[in-house]
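*Asks:* Residue numbers (my numbering), protein chains in the order written: chain S, 197 to 529; chain W, 428 to 932; chain E, 1164 to 1485; chain P, 26 to 362. Structure provided below as structure tokens; questions to follow.
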Ligand SMILES: Nc1ncnc2c1ncn2[C@@H]1O[C@H](COP(=O)(O)OP(=O)(O)OP(=O)(O)O)[C@@H](O)[C@H]1O
Ligand SMILES: Nc1ncnc2c1ncn2[C@@H]1O[C@H](COP(=O)(O)OP(=O)(O)OP(=O)(O)O)[C@@H](O)[C@H]1O
Ligand SMILES: [Mg+2]
Ligand SMILES: [Mg+2]
């Protein structure tokens, strides 16, 4: 008989538990396909960005710039559509330009961090300010709208099989991240770098190069997130994307990613993202006053994470007890 | 000698994630004795010590101190009773100074504030007393492994305890410091202090111990009084098989033969830790590098492998000039086992599979971009088999393995690929006799397969046992080369201390 | 627990006030070099920017006038620090949109005492100062409520999308709305959730409204960005035009959405006008003799809000859409 | 100790030199409006609350933790005091004491969540950021319609704390006291040494007999105390409080500490560094206000200056390290054998 690995089960248990609780509390509105689509849709941008930024976390870094970088990318694409006219060609050029902005910014972060050995926190914190400023300059603090063409607006809202496109984008990016992290040498190197950079270097890992690539990927997904955001809201403005960095870190940490590096998985991140979506959805469906949502959110997060942490301790403790009792049993007999 | 029991541990059980590590272990210590605790890597010695010192909680069993049952829940409880411990994995704090480390939690205070002058001078006194090459105000992060171990020893000694536990205190020490430690141990014993001594260096154990407990697979295997200690029997009880005795007081060295593999030409360090170093290693040859702590051996091999950049000089591999960096070195067939395995050797959170795979991705099968996980697993099984890593579970996180087995993982990952040159720095620090013998025969085997091997070691016996040729370093330069002659430990020691060259301290 | 009455509340001469009360120096604002500070609540929002543009337009013809804008980053603490700096630099007038009328009061008073006239925009500071130019929030809420009631036939479920709770201006809007809706017994306010002024969050909030209240009749969003978000959500749930969605501010995207039938209405204020009005008053104050000391209360200039629906949206000319 | 004092003083001097360079730059660009006494006292005043809270935050960061809840905690403390002020007749000093007690309790809550429940610091304090803010809303003073009101705190005995003696504001005096006391505790008490040990390596700290959870908890409680004091001075300056007080504040002390050389990985840094970081940020922000440029450019320049300064710092430090190592190696030779 195969034994159940309780340590691995704690996350699914919390997830299923949350779904059951919400279904009981709000049977009509929660348990519908439409609502699930909404939950996933509302966290899809966070999900996309988390799946990219998790590379940075795993390598032991942090990226605070993704929020305003997403904003800058959103503005890039809508500005190009605005200036070049609402044609499909300008959408494609805009998207490519936005992706370049994201990747280039990520590369700059990575190079500064590794070349000069500067804390990632500071570099990306400063970059956050730079991108906000750039966005303000480009837009002159105005909203740039892009309500056309359909090719652009459908990115954020087109439905396939009842689910909006951003959900599929999130899934695709999650699969790419999952594959590269768990099955390629690059991914393995990232875990090693985050777990022990010095030993990795000695083991022949190109630590600096890998770290730069992580930031590039993070910047790239920030840009994708920004494009999706722009399409969802059919506009871009300087404050687009602000605050996303905190949500992304929260989702990742709920999903078991350690900010010290080396620990975490993509499925974990998706779990974190979904849990955040469920909490918000639950708060909305139960009409919790907005002033009190922080309280509920905070308490639920602490309980979920602490349960996860204690689960690990508890399980090993219980197992130990069981086995030592067995041992004692055999010893006395 | 008084037979009064100071510490008694009975029926101790402990398991980690379901795997029993200690099983009904009994252990006691008398007042004023040196009690050696022996056993293979992973036998459970360190675990027993951590239970006694309150770091781990036992699953079952009792501990009594001076005849009374006690519950020890933290190291602080233990200090309060009068027990202190020198841990195998060292408990030094890198960003603090030597003095701060030694007096951590017992800093001398003046008007409630730490009196640094007093603390430093107290530390200096201790250092002078034991003649250790340390300064109170150096940051521990600037020290090499050997010096860190000395700091850990000072930290334990400064407690004035009734029972002092030493878990492999000499694993990174060279002869001189180890000797002065032995002096201290004898002095303490004479003062009535009890000592639990754990070491894989057998001659130390035979020399020092009044009594000896052997653990095997987490169970008591034997308790021997001083007059019952017979080396051959001890080893057999420990590892459960026979070992041939080797006489290693002297050795006949080889003369040069075979083509040159590595040539180092006037290598000089940017921070002046070594200067103008030139030597050669031939295919099929094992070159030993000896020297005192801080002689600069580690720095040289790091520079050859390419972890650090040398300021000037050349490194040639098979007559090809290298501008070494680790990735390049690996691809050229160089392997490297670093001195500080915890920090530099492996990724603690990853399993044996992934640690072994890290340096071997070039030889693991792929489908498209995806790593073939079966091939990866096979490779790690090969490594486990090649060097007998225990437990033989390829998925176990290396960070939770016993010290000796961690070292085997670090070495094992090089044994599964073809090498031209293997550099090992303190290869057997913390490794049990059985495994040591295995490692020596692995090195011999590599050499006879034509691999060039460089062994840096502070253990003279080891140096004599494995080397075909020996160079001795002192203060960043090569002072002596032994080849084609009969050397003894005494000769090497003399060279290390600079006596032979007529150099006076 | 009784209100504390014994304690004399006095804003006078405390922490922030320097001991010297400089007498007002009269300048000719159209000939002498003057500099005017615009301290915004959050410059990255469209109406703060529109105010700035209005101010700049008003002064554009005079090269002697320098306009400097400062971003309050939505924080009363930051605005207080900026105010201290602006006062130190002896600006000639300050145009201020308070993040918080009470918290900025000491700074406003300090500026006035230093002879710098302060013209607040949209939210009063809790101390007497030169002038307040405002769009009536409370009344705007009332107007929206009446119009929505009309449009849904005076009965049905209504929900509110709130801004960041605790910001006085938007709370006033909500208060006006709720008080008026209370007059219609057939209308029930079923829910109120914050989307923090963000369009994208409003989509999520609106989705959950649609999920929870399938028979929802109308949504009142406290600003246009959120109303636009709600409209997008309704659109993608195939309920375009079926739910009466209202916003407030009157920015150009919202007007366009009213034209396209996505939104039902908004309360329009001409923010450019509001900015230039404030600038006009500032120039007036700089050139005038009298100081705040003669005032018993702050003079107010009220920008009349215009209720915009599909019927009259065409009457707002392109050049007045900010 | 000599070498290391020298090395660390050298680093200190570098950061100070950069601060002075920044001041000189702004002095040239901004002229007397920047270089006046009044402006400097203003800069210090703006840096003060950040530095006061920074003392606690630095402790927490040294233990390799982080505290993201300081902004909300500040609001909670202020709103508690506002309630006492509005609904009771308790004297001002007891109102402040209760505020401080609330800060201590809030800090303790963080400590328990992080050190006892083993919730990662980042997520634990992010959760309490939401919780403290929600509690603030809960106790916020509202009008009859339930609309949240900002609450004046205008009694002179209280608002005097927002004032100054001469050019030095009281809050700056408080900052000086906190920084000095904080540095002394860090460098000259066992608790301070324990903080470094915990941050450098929790396992080694445990093996050295340090009660790691307790040390971490105390660090968080100290943050609570610092925040409460910061809250008093902030509200005394604003002469009121709102439910939104301190939104976004939490990043300021962290950024100041990191700019001042405190490593987020734990085990290094000190209070003087955080002080320099706070003053640096305040100077930068203040100076940028005087350059008469578009707000957008201020953001860009702010970011670029921060990166430029840390790059310079890093390059210079590398050089100094190498020089020190060379000297060190030569000095060691005498001890070697
Ligand atoms: N924290 C831990 N988690 C899981 N397993 C552990 C842990 N610590 C030790 N073990 C396991 O317990 C066993 C005994 O380890 P221990 O460190 O006591 O051995 P040891 O006798 O000290 O060996 P060595 O001579 O190599 O130091 C090993 O198999 C090891 O893998
Ligand atoms: N990380 C480090 N930072 C600064 N100095 C170091 C460092 N590691 C070693 N040193 C110094 O460099 C010198 C040479 O050390 P090295 O480790 O090469 O000597 P070794 O002969 O290998 O001795 P051992 O390894 O036994 O300590 C010593 O003086 C040591 O203090
Ligand atoms: Mg051990
Ligand atoms: Mg060495």
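For each residue, glycine too, the CB sits at the ideal point set by N, CA and C. Since we're looking at a predicted model, the values are computed, not measured.
Work out the CA separation of residue 760 of chain W and residue 437 of chain W for me, nearest whole Å.
*Replies:* Rounded to whole angstroms, residue 437 of chain W to residue 760 of chain W spans 51 Å at the Cα level.
*Asks:* For residue 247 of chain S, name the three-state secondary structure that DSSP assigns.
*Replies:* Residue state, collapsed to three classes: helix.
*Asks:* Does the region 211-223 of chain S touch the region 439-451 of chain S, meaning 3 or more C-beta pairs lie closer than 8 Å?
*Replies:* Output reads no: the region 211-223 of chain S does not touch the region 439-451 of chain S.
*Asks:* So is residue 487 of chain S in contact with chain E if we call contact Cβ pairs under 8 Å?
*Replies:* At least one chain E Cβ lies under 8 Å of residue 487 of chain S.
*Asks:* Is residue 822 of chain W a contact residue of ligand 1, with contact defined as CB to any heavy atom under 7 Å?
*Replies:* False, no ligand heavy atom lies under 7 Å from that Cβ.
*Asks:* What are the complete alpha helix (DSSP H) segments, minimum 4 residues, inside the region 1298-1325 of chain E?
*Replies:* Runs found: 1300-1314.
*Asks:* Output the boundary residues of the beta strand (DSSP E) element that contains residue 906 of chain W.
*Replies:* Taken as a continuous stretch (DSSP letters only), the beta strand (DSSP E) holding residue 906 of chain W covers 904-909.
*Asks:* Tell me whether residue 551 of chain W, by its Cβ, gets closer than 7 Å to a heavy atom of ligand 1.
*Replies:* No; taking the cut-off as 7 Å, the Cβ of residue 551 of chain W has no heavy atom of ligand 1 nearer than that.
*Asks:* With burial defined as no fewer than 16 other Cβ atoms inside 10 Å of the residue's Cβ, what is the status of residue 1471 of chain E: buried or exposed?
*Replies:* Buried.
*Asks:* Can you look up residue 924 of chain W in the DSSP assignment and give me helix, strand or coil?
*Replies:* Correct three-state label for residue 924 of chain W: helix.
*Asks:* Whole angstroms are fine: how far does the CA of residue 923 of chain W sit from the CA of residue 362 of chain P?
*Replies:* For residue 362 of chain P, the pLDDT reaches just 30, beneath the cut-off of 50, and the residue's location in the model is therefore unreliable, leaving the point undetermined.
*Asks:* Please confirm whether any heavy atom of ligand 1 lies closer than 7 Å to the CB of residue 448 of chain W.
*Replies:* True, at least one ligand heavy atom lies under 7 Å from that Cβ.
*Asks:* Could you list which residues in chain S have their beta carbon closer than 7 Å to that of residue 332 of chain P, in chain order?
*Replies:* The contacting residues are 308, 319 and 322.
*Asks:* For the candidate residues W/483, W/645, W/464 and W/910, whose alpha-carbon lies nearest to that of residue 636 of chain W?
*Replies:* The residue with the shortest Cα to Cα distance from residue 636 of chain W is W/464.
*Asks:* Does the pairing of the region 698-718 of chain W with the region 653-671 of chain W give three or more beta-carbon distances under 8 Å?
*Replies:* Output reads no: the region 653-671 of chain W does not touch the region 698-718 of chain W.
*Asks:* Quick one: which residues of the region 144-156 of chain P get their C-beta closer than 9 Å to a C-beta of chain S? List them in chain order.
*Replies:* Those residues of the region 144-156 of chain P that come within reach of chain S (Cβ to Cβ, closer than 9 Å) are 144, 145, 146, 147, 148, 149, 151, 152, 153, 154, 155 and 156.
*Asks:* Is the region 846-856 of chain W in contact with the region 725-734 of chain W, if contact means three or more CB pairs nearer than 8 Å?
*Replies:* Yes, since at least three Cβ pairs between the region 846-856 of chain W and the region 725-734 of chain W fall closer than 8 Å, the two stretches touch.
*Asks:* Give the residues whose C-beta lies closer than 5 Å to at least one heavy atom of ligand 1, in chain order.
*Replies:* This criterion selects W/443, W/448, W/468, W/469, W/470, W/471, W/472, W/473, W/474, W/827, W/828, W/829, W/830 and W/831.
*Asks:* Residue ranges of each alpha helix (DSSP H) run of no fewer than 4 residues wholly in the region 231-315 of chain P, ordered along the chain?
*Replies:* The region 231-315 of chain P contains these whole alpha helix (DSSP H) runs: 237-263, 276-284 and 296-314.
*Asks:* Hey, how far is the Cα of residue 622 of chain W from the Cα of residue 577 of chain W?
*Replies:* Taking the straight line joining both Cα atoms gives about 17 Å.
*Asks:* Closest Cβ-Cβ distance between residue 250 of chain S and chain W: below 8 Å?
*Replies:* No, its Cβ sits nowhere closer than 8 Å to a Cβ of chain W.
*Asks:* Look at the Cβ atom of residue 303 of chain P, then the Cβ atom of residue 321 of chain P, and state whether they are nearer than 8 Å.
*Replies:* Not a contact, by the Cβ cut-off of 8 Å.
*Asks:* Measure the C-alpha to C-alpha separation of residue 471 of chain W and residue 646 of chain W and round it to an integer number of angstroms.
*Replies:* Computed Cα separation, rounded: 8 Å.
*Asks:* Using beta-carbon positions only, say whether residue 252 of chain S and residue 258 of chain S come within less than 8 Å of one another.
*Replies:* Yes, they are a contact pair.
*Asks:* Count the other C-beta atoms from every protein chain shown that fall within 10 angstroms of the C-beta of residue 197 of chain P, then say buried if there are 16 or more, exposed otherwise.
*Replies:* So residue 197 of chain P ends up on the buried side.
*Asks:* Which of the three DSSP states, helix, strand or coil, is assigned to residue 150 of chain P?
*Replies:* Here residue 150 of chain P sits in helix by DSSP.
*Asks:* Could you pull the start and end residues of the beta strand (DSSP E) that residue 771 of chain W belongs to?
*Replies:* Here residue 771 of chain W belongs to no beta strand (DSSP E), and DSSP marks it neither H nor E.
*Asks:* Among E/1373, E/1357 and E/1438, which one has its Cα closest to the Cα of residue 1296 of chain E?
*Replies:* Checking every option, the nearest Cα to that of residue 1296 of chain E belongs to E/1438.
*Asks:* Name the chain S residues that come within less than 8 Å of residue 417 of chain W, Cβ to Cβ?
*Replies:* The structure shown does not extend to residue 417 of chain W, since chain W spans only 428 to 932, so no value can be given for it.
*Asks:* Does the Cβ of residue 834 of chain W lie closer than 7 Å to at least one heavy atom of ligand 3?
*Replies:* Because no heavy atom of ligand 3 lies under 7 Å away, the Cβ of residue 834 of chain W does not count as near it: no.
*Asks:* If you draw a straight line from the alpha carbon of residue 370 of chain S to that of residue 316 of chain P, how long is it in whole angstroms?
*Replies:* Going from the Cα of residue 370 of chain S to the Cα of residue 316 of chain P covers about 46 Å.
*Asks:* Using the rule of at least 16 other Cβ atoms within 10 Å of the residue's Cβ for burial, across every protein chain shown, is residue 500 of chain W buried or exposed?
*Replies:* Residue 500 of chain W should be labelled exposed.
*Asks:* Hey, out of E/1396, E/1404 and E/1449, whose CA is closest to residue 1315 of chain E's CA?
*Replies:* Nearest option by C-alpha distance: E/1404.
*Asks:* From E/1245, E/1268 and E/1383, pick the residue whose C-alpha is nearest to that of residue 1163 of chain E; which is it?
*Replies:* This structure cannot settle anything about residue 1163 of chain E, because the visible part of chain E is limited to 1164 through 1485.
*Asks:* What are the residues that DSSP puts in a beta bridge with residue 356 of chain S?
*Replies:* Its beta-bridge partners are S/359.
*Asks:* Reducing DSSP to helix, strand and coil, say where residue 416 of chain P ends up.
*Replies:* As shown, chain P starts at 26 and ends at 362. That puts residue 416 of chain P outside it, with no answer to give.
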